[in-house]
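Enquirer:
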Amino acid sequence: MIMSALPIIPPVAIIAIAFAGAIVIALAASRPSLRDTLCWLFPLPFFIAILGYIEPVVSGAGPTQTLLTLVPGLDIAFAARPLGLVFTLLASTLWMLATPYALGYMKKGGYQNIGRFMACYAIALGAVAGIAFAENLLTLYLFYEILSISTYPLVAHTGTEKARAGARTYLAILLVTSVGLMLPAMVWLWQATGTLSFSSGGIMAGQVSDTTAAVLLVLLLLGIGKAALMPVHRWLPAAMVAPTPVSALLHAVAVVKAGVFSVLTVALYIFGLDYLATLITQPIMLYLAVFTMLAASLVALHQDNLKARLAYSTVSQLAYIVTGALLATELAAIGGGLHMLMHGFGKITLFFCAGAIYVASGINTVSGMDGLARRMPLTMLAFFIGALCVIGLPPTGGFWSKWYLVSGAWEAGYFVVVGAFMLSTLLNVAYLMPPVMRAFLRPPPSDDPVNYQVNEAPLLCLIPLLITAAGTLVLFVLADPAYQLLSLGVP
447 MIMSALPIIP PVAIIAIAFA GAIVIALAAS RPSLRDTLCW LFPLPFFIAI
497 LGYIEPVVSG AGPTQTLLTL VPGLDIAFAA RPLGLVFTLL ASTLWMLATP
547 YALGYMKKGG YQNIGRFMAC YAIALGAVAG IAFAENLLTL YLFYEILSIS
597 TYPLVAHTGT EKARAGARTY LAILLVTSVG LMLPAMVWLW QATGTLSFSS
647 GGIMAGQVSD TTAAVLLVLL LLGIGKAALM PVHRWLPAAM VAPTPVSALL
697 HAVAVVKAGV FSVLTVALYI FGLDYLATLI TQPIMLYLAV FTMLAASLVA
747 LHQDNLKARL AYSTVSQLAY IVTGALLATE LAAIGGGLHM LMHGFGKITL
797 FFCAGAIYVA SGINTVSGMD GLARRMPLTM LAFFIGALCV IGLPPTGGFW
847 SKWYLVSGAW EAGYFVVVGA FMLSTLLNVA YLMPPVMRAF LRPPPSDDPV
897 NYQVNEAPLL CLIPLLITAA GTLVLFVLAD PAYQLLSLGV P
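Residue numbers for the sequence shown follow the numbering used here, so the first one is 447 and each next one is one higher.
1) Reducing DSSP to helix, strand and coil, say where Leu725 ends up.
2) From the DSSP output, in three-state form, read off Asn951 for me.
3) Are the beta-carbon atoms belonging to Cys795 and Ala903 less than 8 Å from one another?
4) Short check: CB of Met564 to CB of Ile471, under 8 Å?
5) Express the C-alpha separation of Phe707 and Leu734 in angstroms, rounding to a whole number.
6) Between Leu908 and Pro823, what straight-line distance do the alpha-carbon atoms span, to the nearest angstrom?
7) Is DSSP giving Phe798 helix, strand or coil here?
8) Hey, is the segment 773-783 in contact with the segment 843-852, meaning 3+ C-beta pairs nearer than 8 Å?
9) For the putative contact between Ser527 and Gly935, defined by C-beta atoms under 8 Å, what is the C-beta separation to the nearest angstrom?
10) Is the beta carbon of Ser624 less than 8 Å from the beta carbon of Gly671?
11) Using the C-alpha atoms, what's the distance from Ala754 back to Met815?
12) Please return the same chain residues whose Cβ sits closer than 6 Å to the Cβ of Ile448, not counting the five positions on each side in sequence.
13) Could you work out which residue in Pro502, Leu484, Pro509, Arg481 is closest to Ala459 when comparing CA atoms only?
14) Have a look at the DSSP bridge pairing and note the partners of Ile522.
15) Between Ala925 and Trp846, is the Cβ-Cβ spacing less than 8 Å?
16) Would you tell me roughly how many angstroms separate the C-alpha atoms of Ala915 and Gly792, rounded to the nearest one?
17) Between Val504 and Leu911, is the Cβ-Cβ spacing less than 8 Å?
18) What are the residues that DSSP puts in a beta bridge with Ser643?
19) When DSSP labels each residue in this structure, what does Thr760 get in the three-state scheme?
20) My parser needs the alpha helix (DSSP H) runs of 4 or more residues fully inside the segment 645-670; what are they?
21) Alpha carbon to alpha carbon, what distance is there between Thr775 and Glu857?
22) Within this structure, are the beta carbons of Leu540 and Ala698 separated by less than 8 Å?
23) Kindly indicate which three-state DSSP category Thr534 falls into: helix, strand or coil?
24) Does DSSP put Thr842 in a helix, a strand or coil?
25) Closest to Asp444 by CA distance: which of Phe589, Gln728, Val920 is it?
26) Specify whether the segment 567-586 and the segment 511-529 touch according to this definition: at least 3 beta carbon pairs, one from each stretch, less than 8 Å apart.
27) I'd like to know whether the C-beta atoms of Leu695 and Ala570 end up nearer to each other than 8 Å.
28) Going by C-alpha distance, which of His679, Gly844, Gly647 is nearest Val920?
29) Does DSSP put Thr769 in a helix, a strand or coil?
30) Quick check on this structure: which residue in Pro677, Ala833, Leu635 has the alpha carbon closest to the alpha carbon of Ala400?
31) Express the C-alpha separation of Pro691 and Ala548 in angstroms, rounding to a whole number.
32) Could you check the C-alpha separation between Asn751 and Gln763 for me, to the nearest Å?
33) With a threshold of 6 Å on Cβ separation, who are the neighbours of Gly550 within its own chain once the five nearest residues in sequence on each side are excluded?
34) Mapping DSSP to helix, strand and coil, what is Thr811?
35) Do you know whose CA, among Leu878, Leu584, Pro841, Arg481, lies nearest Leu514's CA?
36) Give the list of continuous alpha helix (DSSP H) stretches no shorter than 4 residues that lie fully inside the segment 843-871.
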């Protein structure tokens, strides 16, 4: 097999690739040609190294590594598991596509400090690898915080007062939730069980009282602020002041996916699905996720700014994954993992398209998109495909993730949740199809011939969005390998 010929390096070395890339990109910031070459170069070995993990993880022998022992039984340690492998495959693939897009967008938009921007981009992807390969909750928490801090300069990149205010809101909510809720929950868990290591079937059953576990569930789910459960979701729309490549990173590749990955990991390996289903706060948190799913969709309906509409769409779609975890069935948990993958491709396509539209035409509102398909036919076709994926319609991969989420809710007997999934899908149609219909079915706002001339974004922006759109179609056909891989990690 080809995969067996790939090198298998320790997890910390994969993380180091991204961090080393950040350092050398920052050092080359004053030499644009070298800087850009390095930006293109580092995602490739990162991706290849992760590919090398496929065979050992599938065979049940994923690499493990202890980097540092703080006290006996409390380590900074790493282990490659199926869910983490899916997460890193998603992130590394999209990093390779986000890099040229970001360079093309930033140059076309006349942005400064591109070296700093791309260095922070690389740090964020290294932090993602640390989260994905964390062997325990302490290691996950460490890289979770690195991810928050490294993305703050990206959100504030333009340096305007609006950008700085948005970045402060972004970082404040993420730090308050993680330090004020997640960290105390970890300490409590450590005191109660003597371990923070992830274990198949969880570590709580028989070790803590049901009341303690019920409280810890609330603290951990709200403490993982990156999952954007209401009412701790405001950081996500606040971050929309950032340049579009940052929005794509936040919403499809790194930050939000780190949040829902952490929720799935906690559900599977800290609580365990069987024990989770017995807790008194499980239905409360489940219906909070369902409320978030529906409420965010309703808010998205009323957003004329395209990025704001997509931001609230992301809040809603993340709640699908949290709901999948809290349904506490194998099918729903796998559906949540699949949706992490499918939504990643669909949503990055939509944000890539939003940025391309702004770069090429200056349009950033849904109401301004009338007739836009005449000028940007390829971009709007990609937008349509990405929208189908987020909605969950064939022939895109989003169909399968929502299929398994709905099936898991049905299997668990949560018929109200099944209805909520259906209603939310209709709301997805209601807020994602108007931009498509305006672009393809309405005439341009004037008869100026320039409105009928093709004027796509630069190729560095256009090609990545066409590839990610095609990726949603490929995932419709290749959903089963992803399902099989995820099923290996669901006890």
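Just so it is clear, CB atoms sit at the ideal spot from N, CA and C, and this is done for glycine as well.
Expert: So, from the data block:
1) Coil.
2) The requested residue 951 is not part of the displayed model; the chain covers only 447 to 937.
3) What sits at residue 795 in the sequence shown is Thr, not Cys. Between Thr795 and Ala903, the gap from beta carbon to beta carbon reaches 8 Å or more.
4) Between Met564 and Ile471, the C-beta spacing is below 8 Å.
5) Straight-line Cα distance between these residues: approximately 18 Å.
6) A direct Cα-to-Cα measurement between Leu908 and Pro823 gives close to 11 Å.
7) Of the three classes helix, strand and coil, the one that applies to Phe798 here is helix, per DSSP.
8) Put simply, the segment 773-783 touches the segment 843-852. At least three CB pairs are less than 8 Å apart.
9) Per the sequence presented here, residue 527 reads as Arg, with Ser not at that position. Going by Cβ atoms, the distance from Arg527 to Gly935 rounds to 5 Å, so yes, they are a contact pair.
10) Yes, the pair counts as a contact, with Cβ atoms nearer than the cut-off.
11) Approximately 15 Å between the Cα atoms of the pair.
12) Because Ile448 sits at a pLDDT of 45, beneath the cut-off of 50, its placement in the model cannot be relied upon, and the point is left open.
13) With distances taken between Cα atoms, Ala459 lies closest to Pro509.
14) As DSSP reads the structure, Ile522 sits in a beta bridge with Leu514.
15) Trp846 sits close to Ala925, with the two beta carbons spaced by under 8 Å.
16) Spanning the alpha carbons of Ala915 and Gly792 requires a straight line of approximately 7 Å.
17) Not in contact: Val504 and Leu911 (Cβ atoms no closer than 8 Å).
18) Note: Ser643 sits in a beta bridge opposite Asn582.
19) Note: Thr760 maps to helix in three-state DSSP.
20) Within the segment 645-670, the complete alpha helix (DSSP H) runs of at least 4 residues are 656-669.
21) Cα to Cα, the separation comes out at about 8 Å.
22) Yes; because the gap between Cβ atoms is below 8 Å, this pair is in contact.
23) Of the three classes helix, strand and coil, the one that applies to Thr534 here is helix, per DSSP.
24) In the structure shown, Thr842 sits in coil (DSSP, three-state: anything other than H, G, I, E or B).
25) Outside the modelled stretch of the chain, which goes from 447 to 937, sits residue 444, for which no answer is possible.
26) Yes, the segment 567-586 is in contact with the segment 511-529.
27) Judged by beta-carbon spacing, Ala570 lies within the 8 Å limit of Leu695, meaning their Cβ atoms are closer than that value.
28) With distances taken between CA atoms, Val920 lies nearest to Gly844 out of His679, Gly844, Gly647.
29) Here DSSP, grouped into helix, strand and coil, assigns Thr769 to helix.
30) Not covered by the structure: residue 400. The range shown for the chain is 447 to 937.
31) Each residue's Cα considered, the two are about 5 Å apart.
32) In a straight line, the C-alpha of Asn751 is about 18 Å away from that of Gln763.
33) Around Gly550, the same chain offers Pro904, Leu906, Cys907 as residues with beta carbons nearer than 6 Å, after the five sequence neighbours per side are excluded.
34) Note: Thr811 maps to strand in three-state DSSP.
35) Taking Leu514 as reference, the option from Leu878, Leu584, Pro841, Arg481 with the minimal CA-CA separation is Leu584.
36) When DSSP assignments are scanned along the segment 843-871, the uninterrupted stretches of alpha helix (DSSP H) that are 4 or more residues long and fall wholly within it turn out to be 844-858.
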